[in-house]
Amino acid sequence: MIIATWNVNSLKARLTHVIDWLGEAEPDIVLLQELKLETDRFPAAEIEAAGYHAVAHGQKTYNGVAILARAPIRDVTRGLPGFDDDQARWIEGTVALGDRDIRVASLYLPNGQSVTSEKFPYKLRFLDAFEAHARAMLADATRPAVIGGDFNIAPEAVDLYDPKGWAGDVLFHPEERRRYRAVLHQGWTDAFRALHTEAGRYSWWDYRAGMWQKDHGLRIDHLLLSPEAADRLEASDIDRSPRGREKASDHTPVWVRLADSMPAGAPYGPPEEIAEAAAG
DNA sequence: ATGGCGATGGATCATCGA
Numbered sequence: 001m002i003i004a005t006w007n008v009n010s011l012k013a014r015l016t017h018v019i020d021w022l023g024e025a026e027p028d029i030v031l032l033q034e035l036k037l038e039t040d041r042f043p044a045a046e047i048e049a050a051g052y053h054a055v056a057h058g059q060k061t062y063n064g065v066a067i068l069a070r071a072p073i074r075d076v077t078r079g080l081p082g083f084d085d086d087q088a089r090w091i092e093g094t095v096a097l098g099d100r101d102i103r104v105a106s107l108y109l110p111n112g113q114s115v116t117s118e119k120f121p122y123k124l125r126f127l128d129a130f131e132a133h134a135r136a137m138l139a140d141a142t143r144p145a146v147i148g149g150d151f152n153i154a155p156e157a158v159d160l161y162d163p164k165g166w167a168g169d170v171l172f173h174p175e176e177r178r179r180y181r182a183v184l185h186q187g188w189t190d191a192f193r194a195l196h197t198e199a200g201r202y203s204w205w206d207y208r209a210g211m212w213q214k215d216h217g218l219r220i221d222h223l224l225l226s227p228e229a230a231d232r233l234e235a236s237d238i239d240r241s242p243r244g245r246e247k248a249s250d251h252t253p254v255w256v257r258l259a260d261s262m263p264a265g266a267p268y269g270p271p272e273e274i275a276e277a278a279a280g
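Each residue of the first sequence is one higher than the one before, starting from 1 at the first, in UniProt numbering.
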């Protein structure tokens, strides 16, 4: 199954691009950010006509997140648990995945604006709450989980076109990178980075100053896999083609492909059982 | 080079994004 994340920068302005991409990439689950519309303005009919169920958590003008899925989406939570927030930045739900369910979340992490802005401590507070909830999601060992979204964090120097120029600025600030790494250390896997070591692979390019044409971008959109999901990791990549279209979002989709079932013969279980299996 | 571009709401620009 294919799970994708995409900050569309207005679902209304990008609806044709989204519908087209659903047809081309045939993802099973899509996590959208920056809908920029109220929940009751969500284009449910168009999405349904494309073959997808959808749940959304929106608001006027800003933010807004959604989950699209070929299968029904159950047990939906709107808003990041444990974080009192009037901004629509988190939605999670459960979708059937092959031989068992998967828990997925769509995240639009605050940008922070600048280090001196009051929005930067808001970003760090959000990250603290995200860290706590990500840990709680891992504690639910009954099903694999995937968190996808616009994290507004470039994790490492290879993820920016000009790391020296961005050093200490929002999106590449040590305080946010430290918190992002703390989440990875809980046991989450950055799907794209697990399969690609090369520098210069980006998911966002500023509209201004010809950044797209110069390929000056940042990798700030991520798919985090719980250990059970990471065990099923088959492929992950960034699809640059939507960014090159007319009237494109400034972000482009990132996707991961997971095996529908656990690989046969994989050495899962306690060490003594693995040793027994190896001994025949 | 703190500009550049694009979307929104409600206006003929201000605000925000990253």
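Each residue gets a CB set at the ideal place from its N, CA and C atoms; glycine is no exception.
Inset, instruction - Check whether the Cβ atoms of residue 179 and residue 131 lie closer than 8 Å to each other. - result: Against the first sequence, residue 179 aligns to sequence position 179. Against the first sequence, residue 131 aligns to sequence position 131. Yes.
Inset, instruction - Identify whether residue 98 lies in helix, strand or coil by the three-state DSSP scheme. - result: On the first sequence, position 98 is the one that residue 98 refers to. Note: residue 98 maps to coil in three-state DSSP.
Legend entry - Where residue 242 falls, given that 16 or more other Cβ within 10 Å makes a residue buried: Here residue 242 corresponds to residue number 242 of the first sequence, with the count starting at 1. By the Cβ neighbour-count rule, residue 242 is buried, with 16 or more other Cβ atoms within 10 Å of its own.
Inset, instruction - Assuming residue 289 and residue 171 form a contact by the criterion Cβ under 8 Å, report the distance between their Cβ atoms to the nearest whole angstrom. - result: In the structure as shown, the chain begins at 1 and stops at 280. Residue 289 is therefore absent and cannot be evaluated.
Legend entry - Same chain only: Cβ atoms within 6 Å of residue 202, ignoring 5 sequence neighbours per side: Looking up residue 202 in the first sequence gives position 202. Correct list, in chain order: 217, 218 and 219.
Inset, instruction - Mind reading off the beta-carbon distance from residue 109 to residue 63? Whole number of angstroms is fine, and I expect it under 8 Å. - result: The residue given as residue 109 occupies position 109 in the first sequence. The residue given as residue 63 occupies position 63 in the first sequence. With 8 Å as the limit, residue 109 and residue 63 do not qualify as a contact, their Cβ atoms being about 11 Å apart.
Inset, instruction - Answer yes or no: do residue 54 and residue 67 have a C-beta to C-beta separation smaller than 8 Å? - result: Here residue 54 refers to the residue found at position 54 when the first sequence is read from its first residue. Here residue 67 refers to the residue found at position 67 when the first sequence is read from its first residue. Residue 54 is a Cβ neighbour of residue 67, given a cutoff of 8 Å.
Legend entry - Test item: CB-CB of residue 133 and residue 82 under 8 Å: As a first step, residue 133 must be located in the first sequence, where it is residue number 133. As a first step, residue 82 must be located in the first sequence, where it is residue number 82. Contact flag set, yes.
Inset, instruction - May I ask you to report which of helix, strand or coil DSSP gives residue 11? - result: Numbered from 1 along the first sequence, position 11 holds the residue referred to as residue 11. Reduced to three states, the DSSP call for residue 11 is helix.
Inset, instruction - Please work out which residues of its chain come closer than 8 Å, Cβ to Cβ, to residue 111, disregarding the five sequence neighbours upstream and downstream, and give them in chain order. - result: Within the first sequence, numbered from 1, the residue matching residue 111 stands at position 111. 119, 123, 152, 170 and 171.
Inset, instruction - Tell me the start and end of each unbroken beta strand (DSSP E) in the stretch 2-49 that is at least 3 residues and wholly inside, in chain order. - result: The stretch 2-49 contains these whole beta strand (DSSP E) runs: 2-7 and 29-33.
Inset, instruction - Sort out for me which residues DSSP pairs residue 145 with in a bridge. - result: As a position in the first sequence, residue 145 is number 145, starting the count at 1. DSSP output for residue 145 lists 103 as bridge partner(s).
Legend entry - Given residue 210 as reference, the closest of 250, 200 and 86 once Cα atoms are compared: Your numbering for residue 210 matches position 210 in the first sequence. Out of 250, 200 and 86, 250 has the C-alpha closest to the C-alpha of residue 210.
Inset, instruction - Closer than 6 Å by C-beta to residue 261: which residues in its own chain qualify, once you throw out the five before and the five after it? Chain order, please. - result: Taking the first sequence and counting its residues from 1, the one referred to as residue 261 is at position 261. For residue 261, where only same-chain residues beyond five positions count, the Cβ hits under 6 Å are 98 and 99.
Inset, instruction - With a cut-off of 8 Å on the beta carbons, I'd call residue 225 and residue 158 a contact; round off their distance for me. - result: Counting from one through the first sequence, the residue named residue 225 turns up at place 225. Counting from one through the first sequence, the residue named residue 158 turns up at place 158. Contact doesn't hold; Cβ gap of about 20 Å is too wide.
Legend entry - C-alpha distance - residue 234 paired with residue 256, whole-angstrom precision: Here the question's residue 234 lines up with position 234 in the first sequence. Here the question's residue 256 lines up with position 256 in the first sequence. Just so you know, the alpha carbons of residue 234 and residue 256 end up roughly 8 Å apart.
Inset, instruction - Leaving out five residues on either side along the sequence, give the residues of the same chain with a beta carbon under 6 Å from the beta carbon of residue 129. - result: As a working note, residue 129 is residue 129 in the first sequence. Within its own chain, the residues whose Cβ lies closer than 6 Å to the Cβ of residue 129, once the five positions on either side in sequence are excluded, are 80, 82 and 83, listed in chain order.
Inset, instruction - Between the Cα of residue 102 and those of 248, 240 and 1, spot the shortest distance and give me the residue it belongs to. - result: Position 102 of the first sequence, counted from the start, is the residue given in the question as residue 102. Minimum Cα distance to residue 102 is reached at 1.
Inset, instruction - For residue 175, collect the residues of the same chain with a Cβ closer than 8 Å to its Cβ; drop the 5 residues on either side in sequence, then sort them by chain order. - result: Along the first sequence, read from residue 1 onward, the residue named residue 175 stands at position 175. Scanning its chain for C-beta atoms nearer than 8 Å, with the 5 sequence neighbours on each side dropped, one finds around residue 175 the residues 124, in chain order.
Legend entry - Residue closest to residue 88, alpha-carbon to alpha-carbon, out of 71, 96 and 126: For the purposes of this step, residue 88 is taken as residue 88 along the first sequence, with counting starting at 1. The residue from 71, 96 and 126 with its alpha-carbon nearest to that of residue 88 is 126.
Legend entry - residue 210 in three-state terms, based on DSSP: Numbered from 1 along the first sequence, position 210 holds the residue referred to as residue 210. Residue state, collapsed to three classes: helix.
Inset, instruction - Could you tell me whether the Cβ atoms of residue 232 and residue 195 are closer together than 8 Å? - result: Looking up residue 232 in the first sequence gives position 232. Looking up residue 195 in the first sequence gives position 195. Against a cut-off of 8 Å, the Cβ pair of residue 195 and residue 232 comes out as no contact.
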